[in-house]
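*Asks:* Here it is, the structure, as structure tokens.
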Amino acid sequence: MASVLIDGIDKNYGPTSVLRGVSLSIADGEFLTLLGPSGCGKSTLLRILAGLEVQDAGSISIGERAVDGRRPKRRDVAMVFQSYALYPHMTVASNMALPLRMSRLSAFQRLPLLGHLLPGTARTAAEIEVEVTRTAKSLGIGHLMARKPGQLSGGQRQRVAVGRAMVRHPAVFLMDEPLSNLDAKLRVQMRAEIKELHQRLGVTFVYVTHDQAEAMTLSDRVAVMLDGELLQVDPPQDIYADPDDRRVAEFIGSPKINMLEGVVRERGLIDLAGSTLTIEADALPGAPLTLGIRPEAFYLVDYGGPGALTGSVRMIEHMGSDLFVHLDLAGLDHPLIARLLAERAPHIVPGQTLHVGVRPDRVLLFAGDGRRLRRKVESGRASVTPIREIAR
Amino acid sequence: MSEPLALSGAPDEPSPTRGVRTFPTAAASLGRRRAFTEAMAAWTLAGPAVCFLLVLFFLPVIGVFVIALTDWQFGARTLSFVGLANFREVFADDGFRTSLLNTVIYVLIVVPGTLIPGLLIALLIESGKSCRSFYRAIHFLPFMATLTAMAIAWEALLHPTIGLVNQTLAAIGLPTANWLRDENTALPVLAVIGVWQNLGYAMVLFLAGLKSIPQDLYDAADVDGADLWLDQLRTVTLPMLGPVSMFIVIVIALRAFEAFDTIQILTQGGPGHASEVLLYTLYRESFVYLRTGYGAAVAVVFLAIVVTLTLVQARLMDRKVHYQ
Amino acid sequence: MSANTHSHRLLPPAAILRQAVLLVTGALILVPFVWMVSLSIKPPGEIFRTSFSFWPAQFYGVENYTRALTQAPLPRYMGNGLIVCAMILALQIFVCAPCAYALAKLRFPGRDLLFGMVLIGLLLPHQVLSLPLFILAYQLGILNTYAALIFPYVVSPFGIFLFRQFFKTIPDDVVHAARLDGLSEIAIVWKIMVPMALPAVIAFSIFSVVGHWNDLFWPLIAVRDQSLMPPPLGIMAFKNEEAGNDYGPLMAASTLVVVPLVIAFLAAQRWFVEGLTGGAVK
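The listed protein sequences derive, respectively, from chains A, B and C.
Take 1 as the starting number for the first sequence in full-length UniProt numbering and just add one per residue.
Take 1 as the starting number for the second sequence in full-length UniProt numbering and just add one per residue.
Take 1 as the starting number for the third sequence in full-length UniProt numbering and just add one per residue.
Next up, the structure:
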């Protein structure tokens, strides 16, 4: 059981900077996910945590003790690798027993043949076997102990890799994209198992993935990384609904958030795409800003005018319960995507002119540098003129 | 693969004038024609290679077996089958038995002598980052240098009075020898030259094996606590090299069996028969003494050994898959 | 990304030890080369004086190398080697590539049989075939000609095998597209497959040229005229003539025979390693 403190980590490979000033505090027992596109430095950060790589600056503490310069085995961490990294020549039992053999048996006791003759070897080996068997049973792989990794399915190998990490009872579990080699169906199943494992063990998990769904479903908090920087660390719902940075908003969510350039006309009014929205912005008149609007923040209205956006339908994607409508707006070079409830938008055809309203409380404002502009919450009064919705 | 042929020929397809029902038959005959065209093209392309393979490989192999069963002498007009007489003669011959024994000794020195240093050097080169290709180049150099010329250089090194070897031994007070003229040392010295020549080859093969070990396994070993060099060697490196090592054993053994150049240049099998090996016997009986039937029988024995080793290697290559 | 982190922990003493050991083994490996070059620039007097020095007191390189080039027909030997290697390589590629293409990309009855023949050919050591090939050359009346040196190697099972493996990795669609563009099968081999398989062609070329430049066994059997001898045989003849008395020119001749390949090797090390070991690894 241990908290993890990452403080000001820098890492360079030659001239390329992979991590820049990454600081992060992870609570004891927390499930934290490092989320980001490939090449953002998340795996490097995990490897630095594990001690497999050395940072150029900054410090790592695990359980309130600095572990910099300490070898991986002295950090009380275990790691599950993307490729599982099982030793192909060893049986499942030997794979899982290895960490315990390395920590509990001396170099002489581990010698082949001769080691068995040394006092204590047999007893310790028996203890290890008991523990390994118990762990394997708890993961449902007890019947596979004599097999070699080459004879196992992807999901079974994944369980063995988790088992090898579990036997040591580490304070921190590190997982590097552990599900990315599995097919979609198995991935969902193993995702649930990992969540269950976390609840059962109650230790700290640091999980690296590029998959939003994994990050959102598994984590207590998600740390979004981009280009070697930590952009935001928050619970999943906040990452989605209340991003601090334009890049976070754009990375999270599918289909992608709509980003529209607008200009503040006067207090409470913003001009964009040939229309005017009534939105309170903490900016001077004439200031340019970017509005981030998630596809589901739109709703159908029956006429254009202030508060609504008007465009022609370019394409419709039927998703079952929802429709993704791609709208070409005057003055916009890429279409806007609105997610509408299928039952409320029955007759839309390509080429048709469509008016959509925007839920003002769902509009995210970003300054030119990508920083989020938070609106002052004005109690009691919505700063929006209500617009009649067609279907309501 | 027959599909594109059908496509390219589509324009001149005969139109089905007699209704839809006859079309499948037309298409089937068309398909047969296409298959025939493709087969013709294939055999035309492969033709020269097939002819040469038959004339230069298969005919000679059969020839060796036939000659081995006859009393034919090179240039003679008549021949008669003598059954296994040549083989009986070969195996009754002390010279041949010495040659076979010498070959085995030579191989038994060269194989471990090449493999163990080859592995150690490969491990050393891989364990650091600097000067890798420099060291690889140096150690690989003898493998591709013309052995005949290098044998002459070795002769100078081993020269009883002016050779560097004896000079060095004398300088540090060790006994010297006339290495290539002493029947106790000739064969081992030739084997040392064999080791010198093949070491780099084994090293490069081991390097390839080391490169194919996934980095993840070393990382996992680090996290699991096997983080000392020796522990990683035992946990990851050596087991992962196991299959490729067996393969390298065979490859080096095959090369050792085919040793010829150094013997021809340096000792010509001497002194006495002390350094005579199988291939040298084959050469001398067949082309110097022109004992054709005897030479062919030696060739058959040589072939049997080489083929056996190669088949063992093929089996090992199959078994290698189980690590995947 | 993190190539070989298992080595990043090599402590300075270990790193120094590594360099030291490799330098020593490397130096031992190089001793014959160094000694050869050293003797090739020494006058006879110094050679027979027992001394350790690499560099001669009196530089005699010009005399030795001149004698190597004039006394023995060394340029002729090297020219023979060049002609023979070039002819063998050209014929091998010419014969093997179409066959490999047929094996890799065409479907025809007897394909498996043909591939089986190639594999058996791969397994046969060439020395075993030397006696019948010698008789064949005698019957054809080509003994003691360039043709005798070349003909046994016109087809290379290894070449067919290597090219086939490489051609198989080229997508079928490339072949289909070429057919639709109107290329004949033979044109596909030379205009599409061989250019695309350039790495395999280079690897095989190195394998073939190194092998035949260095070969002593077959030339020893096939030719007797000095004017036809390739370098290894020529240098052996030179040595026998000199009866080992005149080391300087002999070492100079050896150096000259070894040098072309060594220079080519140092210039294209990776290709050489790949070409000479490719057959074993794959």
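Note that the Cβ used here is the ideal one computed from N, Cα and C, for glycine as well.
Since the model is a prediction, treat every value here as computed from it, not as a measurement.
Relative to chain A, which residues along the stretch 231-243 of chain B have a C-beta separation below 9 Å, given in chain order?
*Replies:* Within the stretch 231-243 of chain B, the qualifying residues are 231, 234, 235, 236, 239, 240 and 242.
*Asks:* Output needed for residue 30 of chain A: all residues of its chain with C-beta closer than 7 Å, excluding positions within five of it in sequence on either side, in chain order.
*Replies:* The sequence position of residue 30 of chain A within the first sequence is 30, counting from 1. If we look at residue 30 of chain A and ignore the five residues flanking it on each side, its Cβ neighbours are 204, 220 and 221.
*Asks:* Residue 213 of chain C versus chain B: which residues are under 9 Å apart at the beta carbon?
*Replies:* Position 213 of the third sequence holds residue 213 of chain C. Those within 9 Å of residue 213 of chain C in chain B are 146.
*Asks:* Check the DSSP bridge columns for residue 339 of chain A and list the partner residues they point to.
*Replies:* Here residue 339 of chain A refers to the residue found at position 339 when the first sequence is read from its first residue. According to DSSP, which records beta bridges pairwise, residue 339 of chain A is partnered with A:324.
*Asks:* Starting from the N-terminal side, write out each stretch of the alpha helix (DSSP H) that is 4 residues or longer and does not extend beyond the stretch 50-111 of chain A.
*Replies:* With a minimum length of 4 residues, the continuous alpha helix (DSSP H) runs that stay inside the stretch 50-111 of chain A are 92-104.
*Asks:* Count Cβ pairs between the stretch 155-163 of chain B and the stretch 244-251 of chain B that sit closer than 8 Å; are there 3 or more?
*Replies:* Contact fails: fewer than three Cβ-Cβ distances are below 8 Å.
*Asks:* Counting only C-beta atoms, is residue 145 of chain A closer than 8 Å to chain B at any point?
*Replies:* Walking along the first sequence from the start, residue 145 of chain A turns up at place 145. Residue 145 of chain A does not count as touching chain B.
*Asks:* Count the other C-beta atoms from every protein chain shown that fall within 10 angstroms of the C-beta of residue 62 of chain C, then say buried if there are 16 or more, exposed otherwise.
*Replies:* Taking the third sequence and counting its residues from 1, one reaches residue 62 of chain C at position 62. Burial call: exposed.
*Asks:* Quick one: is the Cβ of residue 79 of chain B within less than 7 Å of any heavy atom of the ligand SAH?
*Replies:* Looking for the ligand SAH in the displayed structure turns up nothing, as the structure carries no ligands at all.
*Asks:* For a cutoff of 8 Å on Cβ pairs, would you count residue 209 of chain C as touching chain B?
*Replies:* Position 209 of the third sequence, counting from 1, holds the residue named residue 209 of chain C. Chain B contact via Cβ: absent.
*Asks:* Along the stretch 219-230 of chain B, where does the CB come closer than 7 Å to a CB of chain A? Name the residues.
*Replies:* From the stretch 219-230 of chain B, only 219, 220, 222, 223, 224, 225, 226 and 227 have a Cβ closer than 7 Å to chain A.
*Asks:* When the Cα atoms are used, what is the spatial distance from residue 186 of chain B to residue 152 of chain B?
*Replies:* Position 186 of the second sequence holds residue 186 of chain B. Position 152 of the second sequence holds residue 152 of chain B. Distance between the alpha carbons of residue 186 of chain B and residue 152 of chain B: 15 Å.
*Asks:* Can you round the beta-carbon distance between residue 38 of chain C and residue 59 of chain C to whole angstroms, since I take them to be within the 8 Å contact cut?
*Replies:* Walking along the third sequence from the start, residue 38 of chain C turns up at place 38. Walking along the third sequence from the start, residue 59 of chain C turns up at place 59. Actually they are not in contact, since the Cβ atoms of residue 38 of chain C and residue 59 of chain C sit about 12 Å apart, beyond 8 Å.
*Asks:* The stretch 80-92 of chain A: which residues have C-beta closer than 7 Å to a C-beta of chain B, in chain order?
*Replies:* Of all residues in the stretch 80-92 of chain A, 81, 83, 85, 87, 88 and 89 have a Cβ within less than 7 Å of some Cβ in chain B.
*Asks:* Identify the continuous alpha helix (DSSP H) that holds residue 139 of chain B and give its terminal residues.
*Replies:* As a working mapping, residue 139 of chain B is identified with position 139 in the second sequence. Looking at the DSSP string, the run of the alpha helix (DSSP H) that includes residue 139 of chain B is 132-144.
*Asks:* Taking the DSSP output, what are the residues bridged to residue 371 of chain A?
*Replies:* Looking up residue 371 of chain A in the first sequence gives position 371. The partner list for residue 371 of chain A (beta bridge, DSSP) reads A:245.
*Asks:* DSSP beta-bridge partners for residue 207 of chain A?
*Replies:* On the first sequence, position 207 is the one that residue 207 of chain A refers to. In DSSP, residue 207 of chain A forms a bridge with A:33 and A:175.
*Asks:* Between which two residues does the alpha helix (DSSP H) harbouring residue 81 of chain B extend?
*Replies:* For the purposes of this step, residue 81 of chain B is taken as the residue at position 81 of the second sequence. No alpha helix (DSSP H) holds residue 81 of chain B; DSSP gives it neither H nor E.
*Asks:* So the alpha helix (DSSP H) residue 23 of chain A belongs to, where does it begin and stop?
*Replies:* Indexing the first sequence from 1 puts residue 23 of chain A at position 23. No alpha helix (DSSP H) holds residue 23 of chain A; the beta strand (DSSP E) holding it covers 16-26.
*Asks:* Since residue 150 of chain B meets chain C, which of its residues come closer than 9 Å, beta carbon to beta carbon?
*Replies:* Here residue 150 of chain B corresponds to residue number 150 of the second sequence, with the count starting at 1. Per Cβ cutoff of 9 Å: 32, 33, 36, 254 and 258.
*Asks:* What is the rounded straight-line gap between the Cα of residue 28 of chain C and the Cα of residue 107 of chain C?
*Replies:* Reading the third sequence from its first residue, position 28 is the one you call residue 28 of chain C. Reading the third sequence from its first residue, position 107 is the one you call residue 107 of chain C. One C-alpha to the other measures close to 53 Å.
*Asks:* Kindly list, in the order they appear in chain B, the residues whose Cβ is closer than 9 Å to that of residue 102 of chain A.
*Replies:* Counted from its first residue, the first sequence places residue 102 of chain A at position 102. Near residue 102 of chain A (Cβ distances below 9 Å), the residues of chain B are 221, 224, 225, 226, 227, 231 and 235.
*Asks:* Note the first and the last residue of the continuous alpha helix (DSSP H) segment covering residue 123 of chain A.
*Replies:* Residue mapping note: residue 123 of chain A aligns to position 123 of the first sequence, counting from 1. Segment 121-138, the alpha helix (DSSP H) holding residue 123 of chain A.
*Asks:* Tell me where the alpha helix (DSSP H) around residue 121 of chain C begins and ends.
*Replies:* Locating residue 121 of chain C in the third sequence gives position 121, counting from the first residue. Unbroken alpha helix (DSSP H) run through residue 121 of chain C: 111-123.
*Asks:* Here's a check: name, in chain order, each residue in its chain whose Cβ is nearer than 6 Å to the Cβ of residue 326 of chain A, leaving out the five neighbours to either side.
*Replies:* Against the first sequence, residue 326 of chain A aligns to sequence position 326. For residue 326 of chain A, where only same-chain residues beyond five positions count, the Cβ hits under 6 Å are 314, 315, 335 and 337.
*Asks:* Please classify residue 196 of chain C: does DSSP put it in a helix, a strand, or coil?
*Replies:* The sequence position of residue 196 of chain C within the third sequence is 196, counting from 1. Three-state DSSP puts residue 196 of chain C in a helix.
*Asks:* Look at the Cβ atom of residue 80 of chain A, then the Cβ atom of residue 161 of chain A, and state whether they are nearer than 8 Å.
*Replies:* Walking along the first sequence from the start, residue 80 of chain A turns up at place 80. Walking along the first sequence from the start, residue 161 of chain A turns up at place 161. In contact: residue 80 of chain A and residue 161 of chain A (Cβ atoms closer than 8 Å).
*Asks:* Name, going along the chain, the residues of the stretch 38-59 of chain A whose beta-carbon falls closer than 9 Å to a beta-carbon of chain B.
*Replies:* Taking 9 Å as the Cβ-Cβ cut-off against chain B, the residues of the stretch 38-59 of chain A that qualify are 47, 50, 51 and 52.
*Asks:* Report buried or exposed for residue 330 of chain B, applying the criterion of at least 16 other Cβ atoms within 10 angstroms of its Cβ.
*Replies:* The displayed coordinates of chain B run from 1 to 324. Any statement about residue 330 of chain B would go beyond what the structure contains.
*Asks:* Mapping the DSSP letters down to three states, classify residue 302 of chain A as helix, strand or coil.
*Replies:* Looking up residue 302 of chain A in the first sequence gives position 302. Correct three-state label for residue 302 of chain A: coil.
*Asks:* Tell me, which residues are paired with residue 223 of chain A by DSSP?
*Replies:* On the first sequence, position 223 is the one that residue 223 of chain A refers to. According to DSSP, residue 223 of chain A bridges with A:34 and A:233.
*Asks:* Exposed or buried, what is residue 23 of chain A when buried is set at 16 or more other beta-carbons lying within 10 Å of its beta-carbon?
*Replies:* As a position in the first sequence, residue 23 of chain A is number 23, starting the count at 1. By the 10 Å Cβ count, residue 23 of chain A comes out exposed.
*Asks:* Is there contact between the stretch 167-177 of chain A and the stretch 196-213 of chain A, where contact requires at least three CB pairs shorter than 8 Å?
*Replies:* Flag = yes, the stretch 167-177 of chain A and the stretch 196-213 of chain A touch.
*Asks:* With 8 Å as the threshold, decide whether the Cβ of residue 96 of chain C is near any Cβ in chain B.
*Replies:* Position 96 of the third sequence, counting from 1, holds the residue named residue 96 of chain C. So, interface residue.
*Asks:* Select from C:137, C:247 and C:95 the residue whose C-alpha is nearest the C-alpha of residue 49 of chain B.
*Replies:* Here residue 49 of chain B corresponds to residue number 49 of the second sequence, with the count starting at 1. Ranking the options by Cα distance to residue 49 of chain B, first place goes to C:95.
*Asks:* So, residue 195 of chain B versus residue 110 of chain B, is the Cβ gap smaller than 8 Å?
*Replies:* The residue labelled residue 195 of chain B in the question sits at position 195 within the second sequence. The residue labelled residue 110 of chain B in the question sits at position 110 within the second sequence. Taking 8 Å as the Cβ cut-off, residue 195 of chain B and residue 110 of chain B qualify as a contacting pair.
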